[in-house]
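Quick note on numbering: the sequence shown equals residues 1 to 166 in our numbering. We put the CB at the ideal spot given by N, CA and C, even for glycine. Predicted, not measured: the structure shown is a model, and the values here were computed from it.
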Amino acid sequence: MKLSAQEEYGLRCLLYMARHGEDRSHSIPEISRAEGLSVPNVAKLMRILRLGGLVQSVRGQAGGYTLAKPSAEITVSEVMSLLGGSFFNSHFCDRHAGLERNCTHTQDCSLRILWGTVQKSLDAILTRTTLRDLLRSEQEIAVLLKERAAAAMMEAAERASSPRAC
(Lines of atoms letter the chains of each structure in order from A; the text may use other names.)
(Lines give C-alpha, C1' and ligand atoms only; values in the text may rest on other atoms or scores of the structure.)
Protein backbone atom coordinates (compact mmCIF):
# COMPACT_ATOMS: atom_id res chain seq x y z
CA MET A 1 0.00 0.00 0.00
CA LYS A 2 1.49 3.28 -1.06
CA LEU A 3 0.15 6.81 -0.86
CA SER A 4 0.59 8.57 -4.19
CA ALA A 5 2.38 11.91 -4.39
CA GLN A 6 -0.82 13.47 -5.75
CA GLU A 7 -2.81 12.27 -2.73
CA GLU A 8 -0.20 13.47 -0.23
CA TYR A 9 0.35 16.84 -1.92
CA GLY A 10 -3.36 17.49 -2.36
CA LEU A 11 -4.01 16.73 1.28
CA ARG A 12 -1.11 18.99 2.31
CA CYS A 13 -2.52 21.86 0.21
CA LEU A 14 -5.94 21.48 1.82
CA LEU A 15 -4.44 21.30 5.30
CA TYR A 16 -2.45 24.46 4.61
CA MET A 17 -5.64 26.25 3.58
CA ALA A 18 -7.51 24.99 6.67
CA ARG A 19 -4.66 25.93 9.01
CA HIS A 20 -4.05 29.40 7.57
CA GLY A 21 -7.59 30.68 7.20
CA GLU A 22 -10.50 28.65 5.93
CA ASP A 23 -12.37 31.79 4.94
CA ARG A 24 -9.62 33.64 3.13
CA SER A 25 -8.33 32.94 -0.34
CA HIS A 26 -4.91 31.41 -0.89
CA SER A 27 -2.97 31.90 -4.11
CA ILE A 28 -1.24 29.08 -5.94
CA PRO A 29 2.22 30.68 -5.45
CA GLU A 30 1.51 31.09 -1.71
CA ILE A 31 0.55 27.43 -1.30
CA SER A 32 3.46 26.39 -3.52
CA ARG A 33 6.02 28.28 -1.39
CA ALA A 34 4.55 27.12 1.91
CA GLU A 35 4.40 23.45 0.94
CA GLY A 36 7.58 23.31 -1.14
CA LEU A 37 5.72 22.20 -4.26
CA SER A 38 6.03 23.50 -7.80
CA VAL A 39 3.52 26.08 -9.01
CA PRO A 40 2.35 23.85 -11.90
CA ASN A 41 1.81 20.94 -9.51
CA VAL A 42 -0.25 23.05 -7.09
CA ALA A 43 -2.23 24.49 -10.02
CA LYS A 44 -3.03 20.96 -11.22
CA LEU A 45 -4.07 19.88 -7.72
CA MET A 46 -6.24 22.96 -7.21
CA ARG A 47 -8.00 22.28 -10.51
CA ILE A 48 -8.77 18.69 -9.47
CA LEU A 49 -9.91 19.82 -6.01
CA ARG A 50 -12.09 22.56 -7.55
CA LEU A 51 -13.72 20.19 -10.03
CA GLY A 52 -14.31 17.79 -7.14
CA GLY A 53 -16.05 20.47 -5.10
CA LEU A 54 -13.54 20.71 -2.26
CA VAL A 55 -12.22 24.19 -3.09
CA GLN A 56 -13.64 27.24 -4.84
CA SER A 57 -11.76 29.68 -7.00
CA VAL A 58 -11.94 33.37 -6.18
CA ARG A 59 -11.30 35.88 -8.97
CA GLY A 60 -9.70 39.26 -8.67
CA GLN A 61 -6.62 40.86 -7.20
CA ALA A 62 -7.08 39.11 -3.86
CA GLY A 63 -8.16 35.92 -5.62
CA GLY A 64 -7.03 32.38 -5.19
CA TYR A 65 -8.72 29.40 -3.66
CA THR A 66 -10.84 28.85 -0.56
CA LEU A 67 -12.21 25.68 0.98
CA ALA A 68 -15.67 24.99 -0.45
CA LYS A 69 -16.95 23.96 2.97
CA PRO A 70 -15.67 24.02 6.56
CA SER A 71 -12.68 21.79 7.31
CA ALA A 72 -14.83 19.84 9.77
CA GLU A 73 -16.99 18.73 6.83
CA ILE A 74 -14.21 17.61 4.46
CA THR A 75 -13.22 14.01 5.11
CA VAL A 76 -9.89 12.48 4.26
CA SER A 77 -11.87 9.83 2.41
CA GLU A 78 -13.33 12.48 0.07
CA VAL A 79 -9.87 13.86 -0.64
CA MET A 80 -8.30 10.46 -1.26
CA SER A 81 -11.15 9.31 -3.51
CA LEU A 82 -10.90 12.46 -5.56
CA LEU A 83 -7.12 12.38 -5.93
CA GLY A 84 -6.42 8.70 -6.27
CA GLY A 85 -9.17 6.25 -5.64
CA SER A 86 -9.24 3.29 -3.31
CA PHE A 87 -6.53 0.94 -2.12
CA PHE A 88 -8.39 -2.19 -3.27
CA ASN A 89 -10.35 -2.18 -6.50
CA SER A 90 -13.44 -4.26 -5.75
CA HIS A 91 -14.10 -4.57 -9.49
CA PHE A 92 -11.25 -7.07 -9.51
CA CYS A 93 -13.68 -9.46 -7.84
CA ASP A 94 -16.18 -8.90 -10.66
CA ARG A 95 -13.64 -10.24 -13.15
CA HIS A 96 -12.58 -13.13 -10.93
CA ALA A 97 -15.70 -14.10 -9.03
CA GLY A 98 -14.46 -17.41 -7.67
CA LEU A 99 -14.81 -19.43 -10.85
CA GLU A 100 -11.23 -20.69 -11.18
CA ARG A 101 -9.99 -23.87 -9.52
CA ASN A 102 -6.18 -23.73 -9.75
CA CYS A 103 -5.28 -20.18 -8.85
CA THR A 104 -5.90 -17.44 -6.33
CA HIS A 105 -9.22 -16.67 -8.02
CA THR A 106 -10.97 -19.65 -6.44
CA GLN A 107 -14.20 -19.36 -4.50
CA ASP A 108 -12.19 -19.69 -1.31
CA CYS A 109 -9.83 -16.82 -2.10
CA SER A 110 -8.01 -15.57 0.98
CA LEU A 111 -6.62 -12.54 -0.87
CA ARG A 112 -10.06 -11.26 -1.80
CA ILE A 113 -11.19 -11.30 1.84
CA LEU A 114 -7.87 -9.82 3.05
CA TRP A 115 -7.85 -6.82 0.70
CA GLY A 116 -11.59 -6.28 1.12
CA THR A 117 -11.21 -6.18 4.90
CA VAL A 118 -8.23 -3.83 4.71
CA GLN A 119 -10.15 -1.50 2.37
CA LYS A 120 -13.23 -1.47 4.62
CA SER A 121 -11.09 -0.70 7.68
CA LEU A 122 -9.29 2.08 5.85
CA ASP A 123 -12.57 3.51 4.55
CA ALA A 124 -14.06 3.49 8.04
CA ILE A 125 -11.12 5.48 9.45
CA LEU A 126 -10.80 7.94 6.55
CA THR A 127 -14.55 8.59 6.40
CA ARG A 128 -14.54 9.56 10.08
CA THR A 129 -11.42 11.74 9.85
CA THR A 130 -11.74 15.35 8.72
CA LEU A 131 -9.28 18.07 7.80
CA ARG A 132 -10.09 19.75 11.10
CA ASP A 133 -9.12 16.56 12.95
CA LEU A 134 -5.74 16.65 11.21
CA LEU A 135 -5.09 20.18 12.47
CA ARG A 136 -4.64 18.77 15.98
CA SER A 137 -1.25 17.96 17.47
CA GLU A 138 0.41 14.72 16.43
CA GLN A 139 -0.18 13.25 19.90
CA GLU A 140 -3.88 14.15 19.87
CA ILE A 141 -4.47 12.76 16.41
CA ALA A 142 -2.58 9.56 17.33
CA VAL A 143 -5.02 8.91 20.19
CA LEU A 144 -8.02 9.75 18.02
CA LEU A 145 -6.88 7.51 15.16
CA LYS A 146 -6.09 4.64 17.52
CA GLU A 147 -9.68 4.73 18.77
CA ARG A 148 -11.06 4.95 15.24
CA ALA A 149 -8.82 2.14 14.01
CA ALA A 150 -10.04 -0.18 16.77
CA ALA A 151 -13.67 0.58 15.91
CA ALA A 152 -12.99 0.17 12.19
CA MET A 153 -11.31 -3.20 12.70
CA MET A 154 -14.30 -4.46 14.67
CA GLU A 155 -16.71 -3.31 11.96
CA ALA A 156 -14.58 -4.75 9.16
CA ALA A 157 -14.23 -8.09 10.94
CA GLU A 158 -18.00 -8.30 11.35
CA ARG A 159 -18.58 -7.55 7.66
CA ALA A 160 -15.75 -9.82 6.54
CA SER A 161 -17.41 -12.86 8.07
CA SER A 162 -19.83 -12.87 5.13
CA PRO A 163 -18.77 -15.19 2.26
CA ARG A 164 -18.31 -12.43 -0.35
CA ALA A 165 -16.44 -9.55 1.25
CA CYS A 166 -16.04 -7.56 -1.94
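| query | Should L49 and L15 be called a contact, given that it needs their Cβ atoms to be closer than 8 Å? | reply | no
| query | Three or more C-beta pairs closer than 8 Å, one from the segment 19-31 and one from the segment 55-72: is that the case here? | reply | yes
| task | Rank L45, M80, P70 and V118 by C-alpha distance to the C-alpha of A149 and give the top, closest one. | result | V118
| Could you give the distance in angstroms between the alpha-carbon of L54 and the alpha-carbon of G85? | 15 Å
| task | Less than 8 Å between the CB atoms is what I'm expecting for Y9 and L37, so what's the real figure, rounded? | result | 6 Å
| said: Between which residues of its own chain and E22 is the CB-CB distance below 8 Å, once the five residues before and five after are set aside? | reply: T66, L67, P70 and S71
| Buried or exposed by the 16-neighbour rule on C-beta atoms within 10 Å, applied to M154 | exposed
| query | Is V42 near S57, with beta carbons less than 8 Å apart? | reply | no
| Cβ of T127 within 8 Å of any chain B Cβ | You won't find chain B in this structure, because it holds only one protein chain.
| query | Using the rule of at least 16 other Cβ atoms within 10 Å of the residue's Cβ for burial, across every protein chain shown, is A220 buried or exposed? | reply | In the structure displayed, the chain extends from 1 to 166; residue 220 sits before or after that span and is not available.
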